[in-house]
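Numbering follows the working numbering, in which position 15 of the sequence shown is assigned residue number 478; successive positions increment by one, without gaps.
These notes are about the structure you will find just below.
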Amino acid sequence: MQAVEVYTARDLRNRSGELLQHAHDGNISIITKHGKPSILAIPFDAHLLQHGIHRVIALHMVQSHQLTLAQAAKFADMDLSSFIELLGASGIDAVDYPPEELERELEDALAACDHC
């Protein structure tokens, strides 16, 4: 999933096909007018119908690495545990480490426990 795309009001007139394709591809877009957010374009999909808009935005922001789990849970008005369950039900990984980084994190955690 891509980061949120930002379009200007002029872009809306000149690039509407691109905006529609962006939404069709499952991505959120913001349309601004005079530099301020004016319209939020959200794909109409199963997540939106099942979970509601604030939760869909939180899911997207975690998946695109724009919010942490804790920030997204707060945005979704959920406790962290429930939000992690929502991620799983939505097919989104709660932890998205490359294998090498995860291995390093585990080694560091084990080393820290040796000193406890």
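Glycine included, every Cβ here is placed at the ideal spot set by N, Cα and C.
Predicted, not measured: the structure shown is a model, and the values here were computed from it.
Do residue i and residue j have their C-beta atoms closer together than 9 Å?
i: A486; j: A504; result: yes
i: S544; j: H514; result: no
i: I502; j: L475; result: yes
i: G489; j: P500; result: no
Compute the Euclidean distance between the alpha carbons of residue i and residue j, then round it to the nearest angstrom.
i: V605; j: I516; result: Outside the displayed span of the chain (464 to 579) sits residue 605, for which this structure offers no information.
i: A509; j: A536; result: 20 Å
i: A472; j: H497; result: 8 Å
i: D542; j: I555; result: 17 Å
i: E570; j: L530; result: 26 Å
i: N477; j: E548; result: 41 Å
i: S479; j: T495; result: 14 Å
i: Q534; j: F546; result: 10 Å
Return the Cβ separation of residue i and residue j in integer angstroms, given the expectation that the two are a contact with Cβ distance under 8 Å.
i: I493; j: V519; result: In fact, because the Cβ distance is near 14 Å, the residues do not count as touching under 8 Å.
**Item:** Three-pair Cβ contact test at 8 Å for the region 555 to 566 versus the region 523 to 540
**Value:** yes
**Item:** 4 or more residues per run - each alpha helix (DSSP H) lying fully within the region 523 to 556
**Value:** 532 to 538 and 543 to 552
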